[in-house]
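Colleague: Numbering (the numbering used here), first residue to last: 6 to 322.
For each residue, glycine too, the CB sits at the ideal point set by N, CA and C.
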């Protein structure tokens, strides 16, 4: 192959990769939907679509927070525990508003603790947030004596299962939150500085912009969004037990990575992350409709994530 031919091939390959960047996850979603139409037409039953979108919106709100943390080169393993704490606060306080205020107060403390450990004490985010997750889980067990079992408050059930026309209300909240995140990071000075702090922390500091405040904001928003996600999950499930929220931290990381986020910060997009959430949601529903064991979902998620990262890595390298 001549040098000219090689350069032409490289340009064509780069052009194709650039065109597919951020769109590959939606191609994967389209493939899943086509497979569902062929193998499991019941997938498109109204109740299945509505429930899939509701579950996706709950995970989607959590993923926005996770994406923000990944943008500043962190990761948050405490969000699922925060979802569980929210469920406990709501169902044991006797009042939804008081329960939410308690959960938001804890979320503020968790965000501050995570950012302090990461910024001031230079603890890796993985270790810091794993520690706070253990504290939250331990506190939840102490409060409930390891035997949480309660019906969800009726107002939350009505909220989580409500619709505006054909669109479930949680989906609308998810879309609004995503639009707000995109507008902030792309259209405002503070948002651009937030992204810059993850793209190049050293340059950000040399520019006189504090990085610590951005990390605190990311972890705090992630915890607050976990509270909102937890409240909707309580309403959607209709029943709360000790395992509420379990595994959602890994699902949110997976969805964010499918959306192009990377641990080195400032990559991917919130819209692509929405695609990642929808892929996981559609895949889970398809597995259930086809009658496969629920455990297959974890295998499928792992395969999809590995394939996505494998296809993405050569382009980034």
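Pair every Cβ in the region 35–49 with every Cβ in the region 248–259, then say whether three or more of these pairs are closer than 8 Å.
Modeller: no
Colleague: On a CA-only basis, which of 101, 275 and 63 is nearest residue 190? Give me that one, please.
Modeller: 275
Colleague: List the whole-angstrom C-beta distance separating residue 125 from residue 241, where the pair is believed to meet the contact cut-off of C-beta under 8 Å.
Modeller: Residue 125 to residue 241, Cβ: 38 Å. No contact.
Colleague: Measuring CA to CA, which of 312, 289 and 280 is closest to residue 35?
Modeller: 280
Colleague: How would you label residue 99, buried or exposed, when you count the other beta carbons within 10 angstroms and need 16 or more for buried?
Modeller: exposed
Colleague: Report yes if the C-beta distance between residue 88 and residue 238 is below 8 Å; otherwise report no.
Modeller: Yes, Cβ-Cβ distance for residue 88 and residue 238 is below 8 Å.
Colleague: Strictly by DSSP, which residues pair up with residue 245?
Modeller: Note: residue 245 sits in a beta bridge opposite 155.
Colleague: Cβ of residue 232 within 8 Å of Cβ of residue 108?
Modeller: For residue 232 and residue 108, yes; Cβs fall inside 8 Å.
Colleague: At a cut-off of 7 Å, would you count residue 165 as near the ligand ADP, judging by its Cβ distance to the nearest heavy atom?
Modeller: Because no ligand of any kind appears in the structure shown, any question about the ligand ADP cannot be addressed here.
Colleague: If we ignore side chains and look at the alpha-carbon of each, how far apart do residue 278 and residue 143 end up?
Modeller: 31 Å
Colleague: What distance in whole Å lies between the Cβ atoms of residue 67 and residue 230, which are believed to be in contact at a cut-off of 8 Å?
Modeller: 6 Å
Colleague: Report buried or exposed for residue 221, applying the criterion of at least 16 other Cβ atoms within 10 angstroms of its Cβ.
Modeller: buried
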